[in-house]
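Participant: I have a structure I would like to understand better, so I am pasting it below and will then ask my questions one at a time.
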Amino acid sequence: MTASPAPALGIAGQFEDVRQRHAAATLGMWIFLATEVLFFGALFFAYSIARAQAPDAFAAASRHTNIVLGTANTAILLTSSLMMVLAVRSASMEARRTTVMLLVATAVLGVAFAAIKLTEYRLDYLDHLVPVLDFAFDPRYERGARIFFGFYFATTALHLLHLSIGVVVVLAFAWRTHRSWSPELPHSIEIVGLYWHFVDVVWIFLYPCLYLVARA
Amino acid sequence: MNPPSLRSCIGTWIALLVLLALTCGSSYLRLGALNLATNLAIAVAKALLVLFVFMRLGSSSTMVRLVAVIGVTTLTLLVCLSMTDFAIRGW
Amino acid sequence: MTSASSPVATGDIPLPPNAVAARGSSYLDGGMTLRSWLLTHDHKRIAILYTLSITAFFFIGGAAATLIRLELATPMGDVVSAETYNKLFTMHGVIMVWFFLIPSIPSTLGNFLLPLMIGARDLAFPRLNLASWYLYVGGALFTIAAMLLGGVDTGWTFYAPFSTMFSNTHVIYVLAGVFVVGFSSILTGINFIVTVHKMRAPGLTWFRLPLFVWAQYATSAILVLATPVLAMTLVLLAVERLFGIGIFDPNLGGDPLLFQHLFWFYSHPAVYVMVLPAMGVVSELVACFSRNPIFGYKAMAYAILAIAVIGFLVWGHHMFVSGQSMYAGVVFSMLSFLVAIPSAIKVFNWTATLWHGRIVYSAPMLYALGFVGLFTIGGMTGLFLAALALDVHLTDTYFVIAHFHYIMVGGSVSAYLGGIHFWWPKITGRMYSDRWARFAAILLFVGFNFTFFPQYLLGMAGMPRRYHEYPPEFQTLNVLSSAGAVILALGYLLPLFYLTWSLLRGPRATANPWKATGLEWQTSSPPPEHNFDTVPVVDSPPYAYRPGVISPAVVQAREGTG
Amino acid sequence: MSAFGLPEQASSIAVRVDHLFYAVTLVTGVTALGVLIAMIFFGIRYREGSKARRAEDVPAAQARARRRVEVAWTLIPLLLFISAFVWASRIYVERATPPADAIEIFVVAKQWMWKLQHPGGQREIEELHIPRGQPVKLVMTSQDVIHSFFVPAFRLKQDVLPGAYTQMWFTATKVGRYHLFCAEYCGTDHSRMGGDIVVMEPADFQRWLVEHRGAVDMAARGESLFREFGCSGCHGQNASVHAPNLAGLFGRPVPLSDGRTVVADERYIHDSILLPRQEIAAGYAPIMPSFAGQIGEDDILALIEYIKSLAPEKERPR
Chain A
0 MTASPAPALG
10 IAGQFEDVRQ
20 RHAAATLGMW
30 IFLATEVLFF
40 GALFFAYSIA
50 RAQAPDAFAA
60 ASRHTNIVLG
70 TANTAILLTS
80 SLMMVLAVRS
90 ASMEARRTTV
100 MLLVATAVLG
110 VAFAAIKLTE
120 YRLDYLDHLV
130 PVLDFAFDPR
140 YERGARIFFG
150 FYFATTALHL
160 LHLSIGVVVV
170 LAFAWRTHRS
180 WSPELPHSIE
190 IVGLYWHFVD
200 VVWIFLYPCL
210 YLVARA
Chain B
0 MNPPSLRSCI
10 GTWIALLVLL
20 ALTCGSSYLR
30 LGALNLATNL
40 AIAVAKALLV
50 LFVFMRLGSS
60 STMVRLVAVI
70 GVTTLTLLVC
80 LSMTDFAIRG
90 W
Chain C
0 MTSASSPVAT
10 GDIPLPPNAV
20 AARGSSYLDG
30 GMTLRSWLLT
40 HDHKRIAILY
50 TLSITAFFFI
60 GGAAATLIRL
70 ELATPMGDVV
80 SAETYNKLFT
90 MHGVIMVWFF
100 LIPSIPSTLG
110 NFLLPLMIGA
120 RDLAFPRLNL
130 ASWYLYVGGA
140 LFTIAAMLLG
150 GVDTGWTFYA
160 PFSTMFSNTH
170 VIYVLAGVFV
180 VGFSSILTGI
190 NFIVTVHKMR
200 APGLTWFRLP
210 LFVWAQYATS
220 AILVLATPVL
230 AMTLVLLAVE
240 RLFGIGIFDP
250 NLGGDPLLFQ
260 HLFWFYSHPA
270 VYVMVLPAMG
280 VVSELVACFS
290 RNPIFGYKAM
300 AYAILAIAVI
310 GFLVWGHHMF
320 VSGQSMYAGV
330 VFSMLSFLVA
340 IPSAIKVFNW
350 TATLWHGRIV
360 YSAPMLYALG
370 FVGLFTIGGM
380 TGLFLAALAL
390 DVHLTDTYFV
400 IAHFHYIMVG
410 GSVSAYLGGI
420 HFWWPKITGR
430 MYSDRWARFA
440 AILLFVGFNF
450 TFFPQYLLGM
460 AGMPRRYHEY
470 PPEFQTLNVL
480 SSAGAVILAL
490 GYLLPLFYLT
500 WSLLRGPRAT
510 ANPWKATGLE
520 WQTSSPPPEH
530 NFDTVPVVDS
540 PPYAYRPGVI
550 SPAVVQAREG
560 TG
Chain D
0 MSAFGLPEQA
10 SSIAVRVDHL
20 FYAVTLVTGV
30 TALGVLIAMI
40 FFGIRYREGS
50 KARRAEDVPA
60 AQARARRRVE
70 VAWTLIPLLL
80 FISAFVWASR
90 IYVERATPPA
100 DAIEIFVVAK
110 QWMWKLQHPG
120 GQREIEELHI
130 PRGQPVKLVM
140 TSQDVIHSFF
150 VPAFRLKQDV
160 LPGAYTQMWF
170 TATKVGRYHL
180 FCAEYCGTDH
190 SRMGGDIVVM
200 EPADFQRWLV
210 EHRGAVDMAA
220 RGESLFREFG
230 CSGCHGQNAS
240 VHAPNLAGLF
250 GRPVPLSDGR
260 TVVADERYIH
270 DSILLPRQEI
280 AAGYAPIMPS
290 FAGQIGEDDI
300 LALIEYIKSL
310 APEKERPR
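Chains as they are written, first to last, in numbering that gives the first Met the number 0: chain A, 0 to 215; chain B, 0 to 90; chain C, 0 to 561; chain D, 0 to 317.
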């Protein structure tokens, strides 16, 4: 190898070439996702310890979650992931219009998820299931159910926060793709996709922990 | 790295929805401890599908795969070593 | 040691033409406007921002420590009230841990040097790097807000249920501050890992990396894997405190030991975040000033990795008397002894690096040798705390305080200052008075031992930590410790003066005043904005302070990349 | 009490802890001294400008030396560490297993005081009288935050948790008055949450017990509390309410309504009083009200002692 001259400075002047840039960005995103594994992992761990201490209360409380909305939301999120992966695919084939449409579809499904989730929160409130407000539950299980719903709101709110960030970023990329094409877009969209799918994976684990504890 | 084919994308999506139906349906059967095991197994299966097809973990660089493994391993360490306390605590 | 910049025997690294060129192309020439600093993407300028911020926090935390030592000079609580005392040690801990020690070496020296040492023009994600600093500042603002509103009295460990249901102070602000600064650590960690993986200069293979880079790499891995668990733990604390959800408080149905497991899962590895970078600095310094390659370079690199990995397996040794199961105690004790082995190897290897050297006692070397001495004492006393039956007596006493101050203050802060002195000419382009710097290094070493060695004896005698008042028989040792703290404080203040003088009036530094190897010395002092005008190519091992036969492993590596 | 070095040895375990302490001090001290001497020796001999001969090729000389020493300075510490680990763990395990004949004393910690009760009903605050030469077991709980029971002269310390009973045991070997500290930070007056352990000759201790008998013994106090709080209305012999009979309950397995079985230990009784709906005994309706907030931890301990004292019915005909 010989010493190469520094490229013109500007965006990403620290990189030698596009390949190095892509590899760095991909690795960076995956490391970020690893941190997210530990972030949510600690939450699931705390949930498991709490559940092991009050299994009946968790079972009783879980029966009060709205399984119809929860399951529908899971399906919506899985479908949004399909849209996302198709967007990545069409971006790599430089099909600009399709990419924009698929990205918008991803975001719309994300918004639908959020809307349903907020509706669910409202119904939970009407059912007196929000711990800090007028919580009321079968006195046998009140203590544990309060903890369950504490976890329920903490986990779903954190997930919703991640999803909302995802929606904003996906829409931003839809707009960028719509405005003008650049050769970096397919790779950038792929990285956004990684984040989106990860948010989906978190929900895949949340769903049985919150909705399916004891339905039988 | 070529993106996954249209067929595999849609096939995976269908598989995910089927698994969702399975996990939801199975939880209405009275299986005792098996309920939890089934739900967890299906969740892991769904996550692996997303990871390997949608996120293309399998065809990523070695380093990326290593990062994914290290993330999960560290979490496992937290859980397993804590169990030396939680699982056999005297009180 | 401010001799002229003669070219150095550095293997085959060619000196770039601008290495001793006239200044005018330095990163500092980009302007001195506020905008040029606050919006910069240059890792070197961000490192300066960090240095200024953490120095400010060091002196705030130091002021709290001063008041603590003043209070402890007498057995009765006569200087401050018990509430104030509790707030003082809490703020001292929170500030020193999260706003000084954790960012100290990685965010300042690491930020400045990592790209230079691997021959890169910047970190992989410069904007993310700036974002890290802003997160640090955001976290700092929350913490300062908590201080101004009246402080926090939970101790830096935030043990539940005291912190969630019993403390009447501004716990939430500090939780928010530490949460935010945690994300600053995470982003820095991601940035460093990607940079080391993807940005190394041609020919710079893993086993040609300076140990400083290895240490930053391992540190980053810890930051990335442990900090998220802390972040979630703080979220759960806030949920319990704000909404009364029983996660940790048994009165609400929670488990207080769950908090301790989660907290120490982060906080023990965090100790290695504080000390691994220091080991990296000391390796550079000892090699340079002994004019010798590091003894057992590969063992040193593996030891760094081993410490990082085993560091994740030992957190339960903070909980031997907490009520966790007896079996957990035994398992964690065994694992804790294991982590001492790579630490011992490092101490032996530094000592052996002196062997057959040509040792120069410049100020950075004195700091480095001070580190080795204090780290040895701190590490050895760590063995007492890993041994179950001894820990039962010693834990939560001043023995523990002395132990971790030896590691984190005697060790890490000495190394940090040593590093600052070593790379000062590179960072600022100026020299300082070596005589004053050596004096400060000796003053620090003496003052440190004077302050903290009596605390070992206090702990053995049974004086518990976090005590505002204490039985009169402990007074003699406490007075000794407080007197030592005066010397220590002088030792910390002194560099402020001669380094400021150096900034204003110091003689210009050459590109390589210490005749050190390492890519950072191959560019001008201070370096140009993009570090290297030509990307350097590396084909030799690090620490080539001696000409001579290159060891077989290196020859193989050369063939591999040839 | 000397403030330099380890405090007086006043328990059977203290001697053994100190032996280990001195052994570890010796080994680490010798090693640290070795490193120090090597550093000073190399530092002087190989200073810049000294006449000492250096190897022509230092990297190669280092490589040769490495082969000889690296294994040694990895394996020797490892062996030493394993010995220290085994030695220390044996004492630790013994510390966690109280002998069956130990005197049981109940400890309730609260911000910021220690309350202690003897089985005979003697109650103390911030002072504990115990006999020399007899094993004593402390059963401890906290009313609020985490505290830690620390007696330096015994080389013993144990955290005291709310919502759980932790144990600690010792045999005092030396008559005297020793510091009791709270070692886990617990709020404003943490440093004042202390007291004294008074070790007495067994005969003196017996005298002390008699002099302080003022109150009834713990089980008897529990019995009167049992009536006072209205427990006997449902759990008493002649109660018409369908409630579990507590005679002979302690230590027995209890089947729960959810199919689990738990042992009726201190924790179970404690939780049943405060959280009666959490673990319902199989076959009973969840009708018991909670006593949380109405009953202190020390009264709960008295109730537990009373329930322990109830022999199974067939052994105690009425």
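Ideal placement from N, C-alpha and C gives every residue a C-beta, glycine not left out. Everything numeric in this text was worked out from a predicted model, so none of it was measured.
Count the other CB atoms within 10 Å of the CB of glutamate 283(C); is the residue buried (16 or more) or exposed (fewer)?
Facilitator: Working through the third sequence from its first residue, we reach residue 283(C) at position 284. The residue is buried, with at least 16 neighbouring Cβ atoms inside 10 Å.
Participant: Sorted by chain position, which residues of the same chain lie with C-beta nearer than 8 Å to valine 391(C)'s C-beta, five sequence neighbours on each side aside?
Facilitator: As a working mapping, residue 391(C) is identified with position 392 in the third sequence. Once the five neighbours on either side are set aside, the close Cβ partners of valine 391(C) are Phe319, Val320.
Participant: Please report how far the alpha carbon of asparagine 237(D) lies from the alpha carbon of serine 223(D), in whole angstroms.
Facilitator: Within the fourth sequence, residue 237(D) is the residue found at index 238, counting from 1. Within the fourth sequence, residue 223(D) is the residue found at index 224, counting from 1. Roughly 17 Å between the two C-alpha positions.
Participant: Could you tell me whether any Cβ in chain D is nearer than 7 Å to the Cβ of arginine 139(A)?
Facilitator: Position 140 of the first sequence, counting from 1, holds the residue named residue 139(A). Yes, because at least one Cβ of chain D sits closer than 7 Å to the Cβ of arginine 139(A).
Participant: Locate the beta strand (DSSP E) running through tyrosine 84(C), then write down its first and last residues.
Facilitator: Against the third sequence, residue 84(C) aligns to sequence position 85. From DSSP, tyrosine 84(C) is part of no beta strand (DSSP E) but of the alpha helix (DSSP H) over 81-93.
Participant: Tell me whether the stretch 292-302 of chain D and the stretch 103-111 of chain D touch, counting them as touching only if at least three CB pairs, one residue from each stretch, are closer than 8 Å.
Facilitator: yes
Participant: Which same chain residues, not among the five before or five after proline 185(A), have their C-beta less than 6 Å away from its C-beta?
Facilitator: Taking the first sequence and counting its residues from 1, the one referred to as residue 185(A) is at position 186. So the qualifying residues of the chain are Ala90, Ser91.
Participant: To which residues of the same chain is leucine 337(C) closer than 6 Å at the C-beta, ignoring the five residues directly before and after it?
Facilitator: Locating residue 337(C) in the third sequence gives position 338, counting from the first residue. Same-chain partners within the cutoff: Ile309.
Participant: What's the C-alpha gap between phenylalanine 111(C) and serine 131(C)?
Facilitator: Residue 111(C) sits at position 112 when you count from the first residue of the third sequence. Residue 131(C) sits at position 132 when you count from the first residue of the third sequence. Cα to Cα, the separation comes out at about 14 Å.
Participant: If we count the other Cβ atoms within 10 Å of its Cβ and call it buried at 16 or more, is histidine 158(A) buried or exposed?
Facilitator: Against the first sequence, residue 158(A) aligns to sequence position 159. Buried.
Participant: Any idea which residues DSSP pairs glutamine 236(D) with across the strands?
Facilitator: Locating residue 236(D) in the fourth sequence gives position 237, where the first residue counts as 1. Looking at the DSSP assignment, glutamine 236(D) forms no beta bridge with any residue, so it has no partner.
Participant: Between glutamine 157(D) and chain C, is there a C-beta pair that is closer than 7 Å?
Facilitator: Within the fourth sequence, the letter at position 158 stands for residue 157(D). Judged by the 7 Å Cβ criterion, glutamine 157(D) is in contact with chain C.
Participant: In chain order, what residues of the same chain have a beta carbon less than 8 Å from the beta carbon of isoleucine 441(C), not counting five sequence neighbours either side?
Facilitator: Within the third sequence, residue 441(C) is the residue found at index 442, counting from 1. Cβ neighbours of isoleucine 441(C) beyond the five flanking positions: Leu365.
Participant: Out of curiosity, what's the CA-to-CA distance linking valine 110(A) and valine 166(A)?
Facilitator: Position 111 of the first sequence, counting from 1, holds the residue named residue 110(A). Position 167 of the first sequence, counting from 1, holds the residue named residue 166(A). The alpha-carbon atoms of valine 110(A) and valine 166(A) are separated by roughly 7 Å.
Participant: Against chain C, does serine 59(B) count as a neighbour if the rule is that its beta carbon must be under 7 Å from one of theirs?
Facilitator: The residue you call residue 59(B) lines up with position 60 of the second sequence. Judged by the 7 Å Cβ criterion, serine 59(B) is not in contact with chain C.
Participant: Could you tell me the alpha carbon to alpha carbon distance between tyrosine 194(A) and glycine 118(C), rounded to whole angstroms?
Facilitator: As a working mapping, residue 194(A) is identified with position 195 in the first sequence. As a working mapping, residue 118(C) is identified with position 119 in the third sequence. C-alpha separation (whole angstroms): 31 Å.
Participant: What is the DSSP secondary structure of glutamate 123(D), counted as helix, strand or coil?
Facilitator: Looking up residue 123(D) in the fourth sequence gives position 124. The answer is strand: DSSP assigns glutamate 123(D) an E or B state.
Participant: Using the beta-carbon of each residue, which ones in chain C are nearer than 9 Å to alanine 9(D)?
Facilitator: Residue numbering aside, residue 9(D) sits at position 10 when the fourth sequence is read from its first letter. Going along chain C, no residue has its Cβ under 9 Å from alanine 9(D), so there is no contact; the nearest lies around 12 Å.
Participant: With a threshold of 6 Å, establish whether the CB of phenylalanine 311(C) neighbours any heavy atom of the ligand GTP.
Facilitator: Among the components of this structure there are no ligands whatsoever, and the ligand GTP is therefore not found.
Participant: Helix, strand or coil for arginine 329(D) per DSSP?
Facilitator: In this structure chain D extends from 0 to 317, so residue 329(D) is not present and cannot be described.
Participant: Hey, is arginine 120(C)'s beta-carbon within less than 7 Å of any beta-carbon in chain A?
Facilitator: Position 121 of the third sequence, counting from 1, holds the residue named residue 120(C). Arginine 120(C) counts as touching chain A.
Participant: Would alanine 51(D) be called buried (16 or more neighbouring beta carbons within 10 Å of its own) or exposed?
Facilitator: Reading the fourth sequence from its first residue, position 52 is the one you call residue 51(D). It counts as exposed.
Participant: Using a beta-carbon distance below 7 Å, is glycine 29(C) in contact with chain A?
Facilitator: In the third sequence, the residue the question calls residue 29(C) occupies position 30. With 7 Å as the cut-off, glycine 29(C) does not count as an interface residue toward chain A.
Participant: Give the residues of chain B in contact with isoleucine 75(A), contact being defined as C-beta atoms less than 8 Å apart.
Facilitator: Counting from one through the first sequence, the residue named residue 75(A) turns up at place 76. Those do not exist, as isoleucine 75(A) stays about 11 Å from chain B at its closest Cβ, beyond 8 Å.
Participant: Please go through the same chain and pick out, in chain order, the residues whose beta-carbon is closer than 6 Å to the beta-carbon of alanine 22(A), but skip the five residues on each side of it.
Facilitator: Position 23 of the first sequence, counted from the first residue, corresponds to residue 22(A). There are no such residues.
Participant: Can you tell me the Cβ-Cβ gap for alanine 159(C) and glutamate 239(C), rounded? I've got them flagged as a contact below 8 Å.
Facilitator: As a first step, residue 159(C) must be located in the third sequence, where it is residue number 160. As a first step, residue 239(C) must be located in the third sequence, where it is residue number 240. Between alanine 159(C) and glutamate 239(C) a beta carbon distance of about 7 Å is seen, short of the 8 Å cut, so the two are scored as contacting.
Participant: Per DSSP, aspartate 55(A) forms a beta bridge with which residues?
Facilitator: Numbered from its first residue, the first sequence carries residue 55(A) at position 56. For aspartate 55(A), which the question treats as bridged, DSSP gives no partner whatsoever.
Participant: Where does glycine 154(C) sit, in a helix, a strand or coil, going by DSSP?
Facilitator: As a first step, residue 154(C) is located in the third sequence; it is residue number 155 there, counting from the start. Coil at glycine 154(C), not helix or strand.
Participant: Does tyrosine 305(D) have its Cβ less than 7 Å from a Cβ in chain C?
Facilitator: Along the fourth sequence, one-based indexing puts residue 305(D) at 306. With 7 Å as the cut-off, tyrosine 305(D) does not count as an interface residue toward chain C.
Participant: Give the secondary structure of cysteine 79(B) by DSSP, where H, G and I count as helix, E and B as strand, and everything else as coil.
Facilitator: Here residue 79(B) refers to the residue found at position 80 of the second sequence. Helix at cysteine 79(B).
Participant: My parser needs the beta strand (DSSP E) runs of 3 or more residues fully inside the stretch 83-136 of chain D; what are they?
Facilitator: 102-109, 112-116, 122-124, 126-130
Participant: Under a three-way DSSP split, which group does glutamine 521(C) fall into?
Facilitator: If you number the third sequence from 1, residue 521(C) lands on position 522. Three-state result, glutamine 521(C): helix.
Participant: Measure from the C-beta of methionine 0(A) to each C-beta in chain C and report whether the shortest distance is under 7 Å.
Facilitator: Residue mapping note: residue 0(A) aligns to position 1 of the first sequence, counting from 1. Because methionine 0(A) carries a pLDDT of 33, less than 50, the predicted location of this residue cannot be relied on, and the following value inherits that uncertainty. With 7 Å as the cut-off, methionine 0(A) counts as an interface residue toward chain C.
Participant: Going along the chain, which residues of its own chain have a beta-carbon closer than 6 Å to the beta-carbon of phenylalanine 374(C), five neighbours each way excluded?
Facilitator: In the third sequence, the residue the question calls residue 374(C) occupies position 375. Result list for phenylalanine 374(C): Gly410, in chain order.
Participant: Tell me whether leucine 147(C) is buried or exposed, calling it buried when 16 or more other Cβ atoms sit within 10 Å of its Cβ.
Facilitator: As a position in the third sequence, residue 147(C) is number 148, starting the count at 1. Its Cβ having fewer than 16 others within 10 Å, leucine 147(C) is exposed.
Participant: One question on the structure: do threonine 89(C) and glycine 137(C) come within less than 7 Å of each other, judged by their Cβ atoms?
Facilitator: Counted from its first residue, the third sequence places residue 89(C) at position 90. Counted from its first residue, the third sequence places residue 137(C) at position 138. No, they are not a contact pair.
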